[in-house]
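Contents: one structure, followed by commentary.
Protein chains: 2
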Amino acid sequence: MTPIITAFERPPDGGRGLARDMRVRWALEEVGQPYDVRLVSFTEMKEPAHLALHPFGQIPTYEEGDLGLFETGAIVFHIAERHAGLLPDDANARARAITWMFAALSTVEPPILELGTARLLEGDKPWSEQRMPLVEDRVRDRLGQLSARLGDADWLDGGFSAGDLMMASVLLRLRLSGILDEYPNLSAYVARGEARPAYKRAFDAQLAVFEASTAGRR
Amino acid sequence: MTPIITAFERPPDGGRGLARDMRVRWALEEVGQPYDVRLVSFTEMKEPAHLALHPFGQIPTYEEGDLGLFETGAIVFHIAERHAGLLPDDANARARAITWMFAALSTVEPPILELGTARLLEGDKPWSEQRMPLVEDRVRDRLGQLSARLGDADWLDGGFSAGDLMMASVLLRLRLSGILDEYPNLSAYVARGEARPAYKRAFDAQLAVFEASTAGRR
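The listed protein sequences correspond, in order, to chains R and V.
Just add 9 to the spot in the first sequence (first one is 1) and you have this note's numbering.
Just add 9 to the spot in the second sequence (first one is 1) and you have this note's numbering.
Set out below in structure tokens:
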């Protein structure tokens with residue numbers, strides 16, 4: 010059964026692969042699972058039909074027969090559990106890969122989201138200029154720790170896993186800020202993720218949505 | 010083999026059960042798995058021995074033979090996967106319970122953490138008073154959506170699961186702010202969690218650590 014995911018009808022990131030459907034697309038491409046995409050507008054995301062699927066009114070969602078899931082982490086884990094290629098077979102290595110998925114979402118991403126909020130929602134506030142360095146330094150705290158752990162390894166724990174997929178996706182959000190470049194090994198780590206054929210296929214698919222949405226507006 | 014978790018030697022929350030070891034203790038109590046606790050000081054948390062176990066220098070960690078894990082979500086999931094009682098047997102229900110774990114940590118907790126940061130780390134800043142309502146409203150956005158989904162159900166999806174354990178733990182952090190009381194069904198939901206015998210055993214165990222640490226300071 011071909012799963013169906015949802016994505017923004019008009020991607021607000023300009024097709025740069027920062028919307029969370031990218032993470033699910035990447036996971037599906039890594040395991041070779043074809044999928045369908047249903048595009049939703051910002052209005053539709055807040056309507057009852059979508060809220061029944063995603064109580065927080067966001068994308069992506071994942072439908073497979075009578076199973077409906079939301080939360081990128083849960084969807085990527087569901088895909089990783091059912092297909093080979095994203096989680097190691099060894100039980101301990103598998104538990105550690107899952108740990109990195111949670112670390113990406115619960116420990117590394119929150120200060121990065123806060124940086125985004127500070128820019129997008131509070132960039133015009135009187136405190137913005139004075140506060141921004143504090144917010145940036147919270148991101149740097151996490152990145153310094155992550156950089157120290159990664160060292161010169163290719164991936165966080167042995168071979169590429171769903172943990173790396175999630176961590177690289179989270180770090181990608183920082184690229185435009187310039188902060189990622191302060192940590193050359195993390196910057197190279199993200200580039201290794203982007204160089205994967207599955208990443209490229211997922212990226213092209215989400216870019217095509219953006220390009221179609223732009224064409225439609227002309 | 011008895012697992013070993015780490016917790017704060019001097020709990021900064023005054024033993025109110027808000028430190029993240031509480032979530033792991035609660036999970037272990039729910040499944041009836043005895044555990045040992047190793048207390049760590051704030052200094053030890055930033056030293057190489059602890060950083061080898063937890064790259065971000067936090068608690069809790071989880072050691073079981075040659076497996077070492079960090080990240081509360083990953084530890085609770087590991088416990089839930091290996092013992093009956095925290096995840097449903099039905100595959101779809103299990104995937105939805107895991108979804109609520111991720112939702113608690115990735116969608117509901119970040120604005121709550123931001124509220125904590127605004128109070129603890131920026132409470133003395135010139136912008137604090139003016140900014141606080143914005144931060145509180147971001148928490149309310151999530152709580153309103155969660156409240157609408159929960160409705161008058163006891164738990165988020167059928168019986169109590171690891172998803173409820175995590176969501177109730179996240180919401181508990183809001184109690185002192187008064188915001189939780191604005192959503193009576195969420196407040197009752199958290200109270201149902203706290204009324205579970207396993208929660209109470211875990212709570213008493215972490216409170217005992219705080220009380221011992223206070224006695225030691227006299």
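Each residue gets a CB set at the ideal place from its N, CA and C atoms; glycine is no exception.
From a predicted model like this one, the values you see are computed outputs, not experimental measurements.
Worksheet entry | C-alpha gap between R19 (chain V) and A204 (chain R), whole angstroms | Within the second sequence, the letter at position 10 stands for residue 19 (chain V). Within the first sequence, the letter at position 195 stands for residue 204 (chain R). R19 (chain V) and A204 (chain R): Cα-Cα distance of roughly 46 Å.
Item to complete: For D75 (chain V), go through chain R and note every residue whose CB falls closer than 8 Å to its CB, in chain order.
Response: Taking the second sequence and counting its residues from 1, one reaches residue 75 (chain V) at position 66. Result: N101.
Practice prompt. Please report the residue range of the beta strand (DSSP E) in which Y71 (chain R) lies.
Written response: Translated into the one-based positions of the first sequence, residue 71 (chain R) becomes position 62. It spans T70 to E73 - the beta strand (DSSP E) in which Y71 (chain R) sits, taken as one unbroken run.
Item to complete: Determine the closest residue to L114 (chain R) out of R:D163, R:F17, R:A171 and R:I188, with distance taken between C-alpha atoms.
Response: What you label residue 114 (chain R) is simply residue 105 of the first sequence in a count that begins at 1. Comparing Cα positions, the closest option is R:A171.
Discussion item. I want to verify the contact list: residues of chain V whose CB lies under 7 Å from the CB of T108 (chain R), in sequence order.
Written reply: Here residue 108 (chain R) refers to the residue found at position 99 of the first sequence. Near T108 (chain R) (Cβ distances below 7 Å), the residues of chain V are L78, F79, E80 and A83.
Discussion item. For S50 (chain R), count the other beta carbons within 10 Å of its own beta carbon; 16 or more makes it buried, fewer makes it exposed. Which is it?
Written reply: Sequence index remark: in the first sequence, residue 50 (chain R) carries index 41 (1-based). Exposed is the call here.
Worksheet item: Taking the DSSP output, what are the residues bridged to F17 (chain V)?
Response: Here residue 17 (chain V) refers to the residue found at position 8 when the second sequence is read from its first residue. Partner(s): V:V49.
Worksheet item: Using the beta-carbon of each residue, which ones in chain R are nearer than 9 Å to Q154 (chain V)?
Response: Here the question's residue 154 (chain V) lines up with position 145 in the second sequence. By Cβ distance, chain R contributes L60, P64, F65 and G66.
Worksheet entry | CA-to-CA distance, D213 (chain V) to R25 (chain V), given in whole angstroms | On the second sequence, residue 25 (chain V) is found 16 positions in, with the first residue counted as 1. On the second sequence, residue 213 (chain V) is found 204 positions in, with the first residue counted as 1. Approximately 10 Å, taken between the alpha carbons.
Item to complete: Could you pull out every residue in the same chain whose Cβ sits closer than 7 Å to the Cβ of H59 (chain R), ignoring the five residues on either side in sequence?
Response: For this step, residue 59 (chain R) is matched to residue 50 along the first sequence. So the qualifying residues of the chain are V49, E53 and G66.
Worksheet entry | Counterpart residues of F86 (chain R) in DSSP-defined beta bridges | The residue given as residue 86 (chain R) occupies position 77 in the first sequence. Answer is none; F86 (chain R) lacks a bridge partner.
Worksheet item: How long is the line joining the alpha carbons of A127 (chain R) and G202 (chain V), rounded to whole angstroms?
Response: As a working mapping, residue 127 (chain R) is identified with position 118 in the first sequence. As a working mapping, residue 202 (chain V) is identified with position 193 in the second sequence. About 34 Å.
Worksheet entry | Exposure label - E56 (chain V); buried when at least 16 CB within 10 Å | In the second sequence, residue 56 (chain V) corresponds to position 47, counting from 1. By the neighbour-count rule (16 or more Cβ atoms within 10 Å), E56 (chain V) is not buried but exposed.
Worksheet entry | Test item: CB-CB of V40 (chain R) and H92 (chain R) under 8 Å | In the first sequence, counting from the first residue as 1, residue 40 (chain R) sits at position 31. In the first sequence, counting from the first residue as 1, residue 92 (chain R) sits at position 83. Yes, these two residues count as a Cβ contact at 8 Å.
Worksheet item: Are the C-beta of F111 (chain V) and some C-beta of chain R separated by less than 8 Å?
Response: To locate residue 111 (chain V), count along the second sequence from 1; it is residue 102. Cβ-Cβ to chain R under 8 Å: yes for F111 (chain V).
Fill in: Top-ranked residue by Cα proximity to V148 (chain V), from V:E123, V:V199 and V:M176
Here residue 148 (chain V) corresponds to residue number 139 of the second sequence, with the count starting at 1. Residue V:E123 is the option with its Cα nearest to V148 (chain V).
Fill in: Segment contact, 8 Å Cβ cut-off, at least three pairs: the region 188 to 195 of chain R with the region 135 to 153 of chain R
yes
Fill in: Closest residue to A83 (chain R) among V:G94, V:A112, V:E80 and V:E72 (Cα-Cα distance)
Within the first sequence, the letter at position 74 stands for residue 83 (chain R). The candidate whose alpha carbon is nearest that of A83 (chain R) is V:A112.
Worksheet item: How big is the Cα-Cα spacing for Y208 (chain V) and L37 (chain V)?
Response: Taking the second sequence and counting its residues from 1, one reaches residue 208 (chain V) at position 199. Taking the second sequence and counting its residues from 1, one reaches residue 37 (chain V) at position 28. One C-alpha to the other measures close to 10 Å.
Discussion item. Considering only DSSP beta bridges, list what L78 (chain R) is partnered with.
Written reply: In the first sequence, the residue the question calls residue 78 (chain R) occupies position 69. For L78 (chain R), which the question treats as bridged, DSSP gives the partners R:Y71.
Worksheet item: Is the beta carbon of V117 (chain R) sitting closer than 8 Å to the one on V179 (chain R)?
Response: Within the first sequence, numbered from 1, the residue matching residue 117 (chain R) stands at position 108. Within the first sequence, numbered from 1, the residue matching residue 179 (chain R) stands at position 170. Cβ distance < 8 Å, so V117 (chain R) and V179 (chain R) count as in contact.
Item to complete: Within 10 angstroms of the Cβ of L159 (chain R), are there 16 or more other Cβ atoms? Answer buried if so, exposed if not.
Response: Along the first sequence, one-based indexing puts residue 159 (chain R) at 150. Label assigned to L159 (chain R): buried.
Worksheet item: Is the Cβ of P97 (chain R) closer than 8 Å to any Cβ of chain V?
Response: Working through the first sequence from its first residue, we reach residue 97 (chain R) at position 88. For P97 (chain R), the answer is no, since every Cβ of chain V falls outside 8 Å of its Cβ.
Discussion item. Would E220 (chain V) pass as an interface residue toward chain R - the criterion being a Cβ-Cβ separation below 8 Å?
Written reply: Here residue 220 (chain V) is taken as the residue at index 211 of the second sequence, counted from 1. No, E220 (chain V) does not count as interfacial toward chain R.
Worksheet item: Should D166 (chain V) and A102 (chain V) be called a contact, given that it needs their Cβ atoms to be closer than 8 Å?
Response: In the second sequence, counting from the first residue as 1, residue 166 (chain V) sits at position 157. In the second sequence, counting from the first residue as 1, residue 102 (chain V) sits at position 93. Their beta carbons are under 8 Å apart, which means D166 (chain V) touches A102 (chain V) by this criterion.
Worksheet item: What residues from the region 123 to 146 of chain R come within 8 Å of chain V, judged by C-beta to C-beta, listed N to C?
Response: E123, T126, L130, E131, K134, P135, W136, Q139, R140 and L143
Worksheet item: For P119 (chain R), is the classification buried or exposed, using 16 other Cβ atoms within 10 angstroms of its Cβ as the cut-off for buried?
Response: Translated into positions along the first sequence, residue 119 (chain R) becomes position 110. Buried.
Worksheet item: Can a CB atom of chain R be found closer than 8 Å to the CB of T15 (chain V)?
Response: Taking the second sequence and counting its residues from 1, the one referred to as residue 15 (chain V) is at position 6. With 8 Å as the cut-off, T15 (chain V) does not count as an interface residue toward chain R.
Worksheet item: Do E145 (chain V) and I107 (chain V) have their CB atoms nearer than 8 Å?
Response: On the second sequence, residue 145 (chain V) is found 136 positions in, with the first residue counted as 1. On the second sequence, residue 107 (chain V) is found 98 positions in, with the first residue counted as 1. In this structure, E145 (chain V) lies away from I107 (chain V), with their beta-carbon atoms at least 8 Å apart.
Worksheet item: With 16 as the cutoff for other CB atoms within 10 Å, does D161 (chain V) come out buried or exposed?
Response: Mapped onto the second sequence, residue 161 (chain V) falls at position 152. Classification for D161 (chain V): exposed.
Practice prompt. Within its chain, find whatever has a CB closer than 6 Å to the CB of I13 (chain V); leave out the 5 residues flanking it on each side and keep chain order.
Written response: Taking the first residue of the second sequence as position 1, residue 13 (chain V) is located at position 4. Around I13 (chain V): D45, R47 and E72.
Discussion item. Can you tell me whether N131 (chain R) is buried or exposed? The criterion is at least 16 other CB atoms within 10 Å of its CB, across all chains shown.
Written reply: As a working note, residue 131 (chain R) is residue 122 in the first sequence. A quick correction: the sequence has Glu, not Asn, at residue 131 (chain R). Classification of E131 (chain R): buried, given that the 10 Å Cβ count is 16 or more.
Practice prompt. Please compile the residues from chain V whose C-beta is within a distance smaller than 7 Å of the C-beta of R32 (chain R).
Written response: By one-based count along the first sequence, residue 32 (chain R) stands at place 23. Ordered by position in chain V, no residue passes the 7 Å Cβ test against R32 (chain R), which lies about 11 Å from the chain.
Worksheet item: chain V partners of P119 (chain R), CB-CB under 7 Å?
Response: Reading the first sequence from its first residue, position 110 is the one you call residue 119 (chain R). Ordered by position in chain V, the residues that pass the 7 Å Cβ test against P119 (chain R) are P119 and L122.
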